[in-house]
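K.L.:
Input: one structure, supplied below.
2 protein chains.
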Amino acid sequence: MTAYSEMSKLELLKEQELVCRRFEKLRDRKLNLNMARGKPGKAQLDLVSEGLLHVFKTPEDYVSDGIDCRNYGETAGLPAARRLFAELLGCRTEQVFAAGNSSLQLMYDTISKAYTHGLLHSERPWCREERVKWLCPAPGYDRHFKITESFGFELVTVPMTENGPDMDAVEAAVRDPQVKGMWNVPKYSNPDGIVYSEETVRRIAALKPAAPDFLLMWDNAYCVHEFEGAFVPFPDILSECAGAGNPDMAFEFASTSKITLPGAGVACFACSEANMDYMKKLIGVQVISFDKVNQQRHVLFLKDKAHTLELMRRHAEILGPKFRCVTDALEKEIAPLGIASWQRPKGGYFVSLNAMPGTAKRTLDLCKAAGVTMTSAGATFPYGKDPQDSNIRIAPSLPPLEELETAAEVLCTCLKLSALEKILK
Amino acid sequence: MTAYSEMSKLELLKEQELVCRRFEKLRDRKLNLNMARGKPGKAQLDLVSEGLLHVFKTPEDYVSDGIDCRNYGETAGLPAARRLFAELLGCRTEQVFAAGNSSLQLMYDTISKAYTHGLLHSERPWCREERVKWLCPAPGYDRHFKITESFGFELVTVPMTENGPDMDAVEAAVRDPQVKGMWNVPKYSNPDGIVYSEETVRRIAALKPAAPDFLLMWDNAYCVHEFEGAFVPFPDILSECAGAGNPDMAFEFASTSKITLPGAGVACFACSEANMDYMKKLIGVQVISFDKVNQQRHVLFLKDKAHTLELMRRHAEILGPKFRCVTDALEKEIAPLGIASWQRPKGGYFVSLNAMPGTAKRTLDLCKAAGVTMTSAGATFPYGKDPQDSNIRIAPSLPPLEELETAAEVLCTCLKLSALEKILK
Numbered sequence: 056m057t058a059y060s061e062m063s064k065l066e067l068l069k070e071q072e073l074v075c076r077r078f079e080k081l082r083d084r085k086l087n088l089n090m091a092r093g094k095p096g097k098a099q100l101d102l103v104s105e106g107l108l109h110v111f112k113t114p115e116d117y118v119s120d121g122i123d124c125r126n127y128g129e130t131a132g133l134p135a136a137r138r139l140f141a142e143l144l145g146c147r148t149e150q151v152f153a154a155g156n157s158s159l160q161l162m163y164d165t166i167s168k169a170y171t172h173g174l175l176h177s178e179r180p181w182c183r184e185e186r187v188k189w190l191c192p193a194p195g196y197d198r199h200f201k202i203t204e205s206f207g208f209e210l211v212t213v214p215m216t217e218n219g220p221d222m223d224a225v226e227a228a229v230r231d232p233q234v235k236g237m238w239n240v241p242k243y244s245n246p247d248g249i250v251y252s253e254e255t256v257r258r259i260a261a262l263k264p265a266a267p268d269f270l271l272m273w274d275n276a277y278c279v280h281e282f283e284g285a286f287v288p289f290p291d292i293l294s295e296c297a298g299a300g301n302p303d304m305a306f307e308f309a310s311t312s313k314i315t316l317p318g319a320g321v322a323c324f325a326c327s328e329a330n331m332d333y334m335k336k337l338i339g340v341q342v343i344s345f346d347k348v349n350q351q352r353h354v355l356f357l358k359d360k361a362h363t364l365e366l367m368r369r370h371a372e373i374l375g376p377k378f379r380c381v382t383d384a385l386e387k388e389i390a391p392l393g394i395a396s397w398q399r400p401k402g403g404y405f406v407s408l409n410a411m412p413g414t415a416k417r418t419l420d421l422c423k424a425a426g427v428t429m430t431s432a433g434a435t436f437p438y439g440k441d442p443q444d445s446n447i448r449i450a451p452s453l454p455p456l457e458e459l460e461t462a463a464e465v466l467c468t469c470l471k472l473s474a475l476e477k478i479l480k
Numbered sequence: 056m057t058a059y060s061e062m063s064k065l066e067l068l069k070e071q072e073l074v075c076r077r078f079e080k081l082r083d084r085k086l087n088l089n090m091a092r093g094k095p096g097k098a099q100l101d102l103v104s105e106g107l108l109h110v111f112k113t114p115e116d117y118v119s120d121g122i123d124c125r126n127y128g129e130t131a132g133l134p135a136a137r138r139l140f141a142e143l144l145g146c147r148t149e150q151v152f153a154a155g156n157s158s159l160q161l162m163y164d165t166i167s168k169a170y171t172h173g174l175l176h177s178e179r180p181w182c183r184e185e186r187v188k189w190l191c192p193a194p195g196y197d198r199h200f201k202i203t204e205s206f207g208f209e210l211v212t213v214p215m216t217e218n219g220p221d222m223d224a225v226e227a228a229v230r231d232p233q234v235k236g237m238w239n240v241p242k243y244s245n246p247d248g249i250v251y252s253e254e255t256v257r258r259i260a261a262l263k264p265a266a267p268d269f270l271l272m273w274d275n276a277y278c279v280h281e282f283e284g285a286f287v288p289f290p291d292i293l294s295e296c297a298g299a300g301n302p303d304m305a306f307e308f309a310s311t312s313k314i315t316l317p318g319a320g321v322a323c324f325a326c327s328e329a330n331m332d333y334m335k336k337l338i339g340v341q342v343i344s345f346d347k348v349n350q351q352r353h354v355l356f357l358k359d360k361a362h363t364l365e366l367m368r369r370h371a372e373i374l375g376p377k378f379r380c381v382t383d384a385l386e387k388e389i390a391p392l393g394i395a396s397w398q399r400p401k402g403g404y405f406v407s408l409n410a411m412p413g414t415a416k417r418t419l420d421l422c423k424a425a426g427v428t429m430t431s432a433g434a435t436f437p438y439g440k441d442p443q444d445s446n447i448r449i450a451p452s453l454p455p456l457e458e459l460e461t462a463a464e465v466l467c468t469c470l471k472l473s474a475l476e477k478i479l480k
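Line by line, the protein sequences give chains A and B.
For the first sequence, this note's numbering gives the first residue as 56, with consecutive numbering after it.
For the second sequence, this note's numbering gives the first residue as 56, with consecutive numbering after it.
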């Protein structure tokens, strides 16, 4: 295959004709495949549900550290659930608040409480600030950006590098006291699958923000989510921040949504003990206790980090081939043409692809026309606007492998078609 | 027995000596009983947990209306869960949002969203209002009052009558456009156990508040929670409000916390379809989906209203004797003395007692000294301040019956002692 940039106009037109015909054939198959969201597939659900949902064997199983998990109480969660998350995240049990099923909700609520009541070091609730700005490493997670957008914050794009956010840009930005926080998915970032380098983590922990209540949102969604190779240890952001003189700057989030069941897992946040005391008081007004029966279910099922990592290896056996299916197709079909670039992640839930500038939206429209739904174009950028119209987030986890092969073919065909349209315009 | 008001000083002194001796004997038993919260007892948990927590028999049980309840999706909840709540509350399925384990959290979040984003008919988010006032029928639920207090609203006390809140006071108060809402526990109110009369419900639904975004908080916590006698039908506030030209005024809340498991149940809110559309958009930013596995567990276990009411009768067999134990003791020991009054509720989780003014705090301190913890004095009033220092909330559900007899004896003894101290001072 020849790169499109080296083809003559005649060759390009011929290629367009071929690709068009291929596209029409695919479209005629009336597919209905979804690669829009990092949604586990049925095989992953089946891997977990029988064991997790039948884990209570005797009445004693309802009791954890002397606490009847069926009744009210223990707002911050079962001690055993807090211990389990502390081991997974590498922090201390007292720093963990084990909650309900959604880490996104915990993130939203943390920002909402900053807005309505202020954080530990806030001079006033953020709703009383004239303006709040927020750092968004991009491409990033659309649901993160949407939360801060919904509170009227001004979203400031920070470029992602292969080592994490561009730290020169971040260090410069936080000198502005209106910059109140920053989103992060530090391990297998959404969507790039990048693992922040140790240097990046160290520089983040050592930030000197002008805002006394700068909120480092550390969404460790994929902390044990390798689908290729062994578990990759990762620095504990809480001790990094404490060591750098910023003990109260970080709130870390995690959940078992992609360890056990999406939407029926357990989520947690972790923070300094001072933050914990402050947040417990605010959360104590909002809720009596989270679902401790589900927490106990997870404690009994996952047991500890070693046992959790074993389960993650079984998820990897399902997920790994799906990711390879997509990246193999891209490498075979697209790489030689020089019309797109992508990472080859070893964990997380996404492949992030940069198409020829100005073709992402068109590519996704074509995919949709051929029955393959992907995350909408621009979604990985603040306000849903990709300035280059280039980034495409691929979520290969949901479709079964055999359907994925077709979906990858659709994607490659649409990438070619939109690139050819662009070049030939 | 003679009423204290009719005793001579000498008789009172003699009575005081007897009661004092009784108190000391009880104190020496070093009891440790808790009647502070409406917490179900172990027998109630055992009634439910085996069936509820082992309800999934086959893989088909994970699928409801074609939806795999184990995966992400369906932000507003499983249709079957929404149908179940709609039947319990007497509203329409489309009006129900089935969520997580805590109705308190849904109430907090509704008010929080009014504060941060505004409600459907708000001119601006409430954080931009100069002042927000809130109607609190009292005695009422301390956690309700605390939510509105935590947002800095000015709490306005409305007296409770035996038919519900004093509607003349409410109708007058809502003429103030700064009055933005009102708390209600309409059936078996917390703590009085009063059922709002039909006339009261009608007048509430027909309120003409000056605020376009007046928020009627309708916490139907005890909608099927009779512990004496048959199920008592109750008007559907949503259709009442719609009929009175206030379709978007009410948000109703309920949960299965005291039907199945406290803290591991399913909560919901119900509102007009217009409010539902508005709230779905806001909640969609906060959470992907609530725990649908737990929703499905409840759908399979509770089945429908008739089956739920059967379960409630079994709860009643446990709860009824506990309430009678307390009210019988009060009627035997306290009624003849004329030093307190109380309701004899047929549902809910509390007995509300009005002690001689100026003695509630002292009574509860004495109870505590004798090892019986009750809700702190004043808790049933805004800002935790009972102007009469009279109301005591008794929660008889947690202790086993045999301990409850002792607890009731402690309470009666302390009521006498504090009354005698007051009279003889």
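Using N, Cα and C, we set each Cβ at its ideal position, and we do this for glycine too.
Judging by CA-CA distance, which residue of B:Val229, B:Ser158 and B:Glu254 is the nearest neighbour of Ile202 (chain B)?
P.N.:
Position 147 of the second sequence, counted from the start, is the residue given in the question as residue 202 (chain B). Ranking the options by Cα distance to Ile202 (chain B), first place goes to B:Ser158.
K.L.:
Buried or exposed: where does Ala410 (chain A) fall if 16 or more other Cβ atoms within 10 Å of its Cβ makes it buried?
P.N.:
For the purposes of this step, residue 410 (chain A) is identified with residue 355 of the first sequence, where counting begins at 1. So Ala410 (chain A) ends up on the buried side.
K.L.:
Please go through the same chain and pick out, in chain order, the residues whose beta-carbon is closer than 7 Å to the beta-carbon of Thr363 (chain B), but skip the five residues on each side of it.
P.N.:
Looking up residue 363 (chain B) in the second sequence gives position 308. Leu143, Val279, Ile314 and Leu357.
K.L.:
Hey, is Ser167 (chain B)'s beta-carbon within less than 8 Å of any beta-carbon in chain A?
P.N.:
Taking the first residue of the second sequence as position 1, residue 167 (chain B) is located at position 112. With 8 Å as the cut-off, Ser167 (chain B) counts as an interface residue toward chain A.
K.L.:
Taking the C-alpha atoms as reference points, what is the distance between Asn126 (chain B) and Tyr333 (chain A)?
P.N.:
As a first step, residue 126 (chain B) is located in the second sequence; it is residue number 71 there, counting from the start. As a first step, residue 333 (chain A) is located in the first sequence; it is residue number 278 there, counting from the start. Cα to Cα, the separation comes out at about 33 Å.
K.L.:
Check the Cβ-Cβ distances between Tyr117 (chain A) and every residue of chain B, and say whether any is below 8 Å.
P.N.:
Position 62 of the first sequence, counting from 1, holds the residue named residue 117 (chain A). So yes, Tyr117 (chain A) belongs to the interface.
K.L.:
Any Cβ of chain B within less than 8 Å of the Cβ of Gln160 (chain A)?
P.N.:
Here residue 160 (chain A) is taken as the residue at index 105 of the first sequence, counted from 1. At least one chain B Cβ lies under 8 Å of Gln160 (chain A).
K.L.:
Near Pro267 (chain B), which residues of its chain fall below 6 Å by C-beta distance, leaving aside the five closest residues on each side in sequence?
P.N.:
In the second sequence, residue 267 (chain B) corresponds to position 212, counting from 1. Cβ neighbours of Pro267 (chain B) beyond the five flanking positions: His176.
K.L.:
Run down chain A in chain order and give the residues with a C-beta less than 8 Å from the C-beta of Thr171 (chain B).
P.N.:
The sequence position of residue 171 (chain B) within the second sequence is 116, counting from 1. Result: Ser167, Tyr170, Thr171, Cys182 and Phe206.
K.L.:
Considering only the alpha carbon of each residue, which of B:Ala432, B:Glu457 and B:Thr461 lies closest to Ala91 (chain B)?
P.N.:
Counting from one through the second sequence, the residue named residue 91 (chain B) turns up at place 36. For the residues B:Ala432, B:Glu457 and B:Thr461, the minimum Cα distance to Ala91 (chain B) belongs to B:Ala432.
K.L.:
May I have the straight-line CA-CA distance separating Ala415 (chain A) from Ser445 (chain A), to the nearest angstrom?
P.N.:
Taking the first sequence and counting its residues from 1, one reaches residue 415 (chain A) at position 360. Taking the first sequence and counting its residues from 1, one reaches residue 445 (chain A) at position 390. Spanning the two alpha carbons is a distance of roughly 5 Å.
K.L.:
Would you say the beta carbon of Leu472 (chain B) is closer than 7 Å to some non-hydrogen atom of the ligand GDP?
P.N.:
Absence of the ligand GDP from the depicted structure is noted, as is the absence of any ligand whatsoever, leaving it without description.
K.L.:
In angstroms with no decimal places, state the Cα-to-Cα distance between Met237 (chain A) and Lys471 (chain A).
P.N.:
Within the first sequence, numbered from 1, the residue matching residue 237 (chain A) stands at position 182. Within the first sequence, numbered from 1, the residue matching residue 471 (chain A) stands at position 416. The straight-line gap from Cα to Cα measures roughly 36 Å.
K.L.:
Let me see if you follow: with CB-CB separation under 8 Å, is Ser157 (chain A) close to chain B or not?
P.N.:
Looking up residue 157 (chain A) in the first sequence gives position 102. Chain B contact via Cβ: present.
K.L.:
Taking the alpha-carbon positions, what's the Thr461 (chain B) to Cys467 (chain B) distance?
P.N.:
Along the second sequence, one-based indexing puts residue 461 (chain B) at 406. Along the second sequence, one-based indexing puts residue 467 (chain B) at 412. Cα to Cα, Thr461 (chain B) sits roughly 10 Å from Cys467 (chain B).
K.L.:
When Cβ atoms are compared, which residues of the stretch 196–224 of chain A fall closer than 7 Å to chain B?
P.N.:
Listed in sequence order: Lys201, Ile202, Ser205 and Phe206.
K.L.:
For Gly155 (chain B), I'd like the list of residues in its chain whose CB is within less than 7 Å of its CB, leaving aside the five on either flank, ordered along the chain.
P.N.:
On the second sequence, residue 155 (chain B) is found 100 positions in, with the first residue counted as 1. Closer than 7 Å at Cβ, skipping near neighbours: Ala322, Phe345 and Asp346.
K.L.:
What are the start and end residues of the beta strand (DSSP E) that includes Pro192 (chain B)?
P.N.:
Position 137 of the second sequence, counting from 1, holds the residue named residue 192 (chain B). That run of the beta strand (DSSP E) goes Lys188 to Ala193.
K.L.:
Are there three or more Cβ pairs, one per stretch, closer than 8 Å when the stretch 416–425 of chain B is compared with the stretch 76–84 of chain B?
P.N.:
Counting Cβ pairs under 8 Å, three or more are found: they touch.
K.L.:
Taking 8 Å as the cut-off, decide whether the C-beta atoms of Glu281 (chain A) and Lys401 (chain A) are in contact.
P.N.:
Looking up residue 281 (chain A) in the first sequence gives position 226. Looking up residue 401 (chain A) in the first sequence gives position 346. Closer than 8 Å, so yes.
K.L.:
Please compile the residues from chain A whose C-beta is within a distance smaller than 7 Å of the C-beta of Ser344 (chain B).
P.N.:
Residue numbering aside, residue 344 (chain B) sits at position 289 when the second sequence is read from its first letter. Simply Gly318.
K.L.:
Compare the C-beta of Ser104 (chain A) with all C-beta atoms of chain B and state if any pair is closer than 8 Å.
P.N.:
Numbered from 1 along the first sequence, position 49 holds the residue referred to as residue 104 (chain A). Yes - at least one Cβ of chain B is within 8 Å of the one on Ser104 (chain A).
K.L.:
Is Tyr243 (chain B) buried or exposed, if buried means 16 or more other CB atoms sit within 10 Å of its CB?
P.N.:
By one-based count along the second sequence, residue 243 (chain B) stands at place 188. Under this definition Tyr243 (chain B) is a buried residue.
K.L.:
Do you know offhand how far Ala261 (chain B)'s Cα is from Ala299 (chain B)'s?
P.N.:
If you number the second sequence from 1, residue 261 (chain B) lands on position 206. If you number the second sequence from 1, residue 299 (chain B) lands on position 244. Going from the Cα of Ala261 (chain B) to the Cα of Ala299 (chain B) covers about 5 Å.
K.L.:
Are the beta-carbon atoms of Gly96 (chain A) and Ile343 (chain A) separated by less than 8 Å?
P.N.:
Along the first sequence, one-based indexing puts residue 96 (chain A) at 41. Along the first sequence, one-based indexing puts residue 343 (chain A) at 288. No; because the gap between Cβ atoms is not below 8 Å, this pair is not in contact.
K.L.:
Exposed or buried, which one is Val118 (chain A) when buried takes at least 16 other CB atoms within 10 Å?
P.N.:
Taking the first residue of the first sequence as 1, we reach residue 118 (chain A) at position 63. Exposed is the call here.
K.L.:
Could you work out which residues of chain A lie near Pro455 (chain B), taking near to mean beta carbons separated by less than 8 Å?
P.N.:
As a working note, residue 455 (chain B) is residue 400 in the second sequence. The premise fails here: Pro455 (chain B) is roughly 14 Å from chain A at the closest Cβ pair, so nothing lies under 8 Å.
K.L.:
Which residues share a DSSP beta bridge with Ser119 (chain B)?
P.N.:
Residue 119 (chain B) sits at position 64 when you count from the first residue of the second sequence. B:Ile122, per the DSSP bridge assignment.
K.L.:
Can you pull the chain B residues whose beta carbon is under 9 Å from the beta carbon of Phe405 (chain A), in chain order?
P.N.:
Within the first sequence, residue 405 (chain A) is the residue found at index 350, counting from 1. The premise fails here: Phe405 (chain A) is roughly 15 Å from chain B at the closest Cβ pair, so nothing lies under 9 Å.
K.L.:
In the DSSP output, what is Val482 (chain A) paired with across the bridge?
P.N.:
Past the boundaries of the shown model lies residue 482 (chain A); chain A is included only from 56 to 480, so the question cannot be answered.
K.L.:
Restricting to Cα atoms, I'd like to know which of A:Glu226, A:Gly207 and A:Phe208 is closest to Pro214 (chain A).
P.N.:
Here residue 214 (chain A) corresponds to residue number 159 of the first sequence, with the count starting at 1. Comparing Cα-Cα distances from Pro214 (chain A) to each of A:Glu226, A:Gly207 and A:Phe208, the minimum goes to A:Glu226.
K.L.:
Take every Cβ of the stretch 375–382 of chain B, pair it with every Cβ of the stretch 193–212 of chain A, and state whether three or more of those distances are shorter than 8 Å.
P.N.:
Touching, no.
K.L.:
Which whole-angstrom value is the C-beta distance of Ala58 (chain B) and Pro264 (chain B), which I expect to be below 8 Å?
P.N.:
Counting from one through the second sequence, the residue named residue 58 (chain B) turns up at place 3. Counting from one through the second sequence, the residue named residue 264 (chain B) turns up at place 209. Not really, about 45 Å apart at Cβ, beyond 8 Å.
K.L.:
Just by C-beta distance, which residues in the stretch 431–443 of chain A are closer than 9 Å to chain B?
P.N.:
Under the 9 Å Cβ criterion, the stretch 431–443 of chain A contributes no residue.
K.L.:
Please state whether the Cβ-Cβ distance between Lys188 (chain A) and Glu209 (chain A) is less than 8 Å.
P.N.:
Mapped onto the first sequence, residue 188 (chain A) falls at position 133. Mapped onto the first sequence, residue 209 (chain A) falls at position 154. Yes; because the gap between Cβ atoms is below 8 Å, this pair is in contact.
K.L.:
Among the candidates B:Ile292, B:Pro246 and B:Thr418, whose CA atom is the shortest distance from the CA of Asp197 (chain B)?
P.N.:
Counted from its first residue, the second sequence places residue 197 (chain B) at position 142. When only C-alpha atoms are compared, the closest one is B:Pro246.
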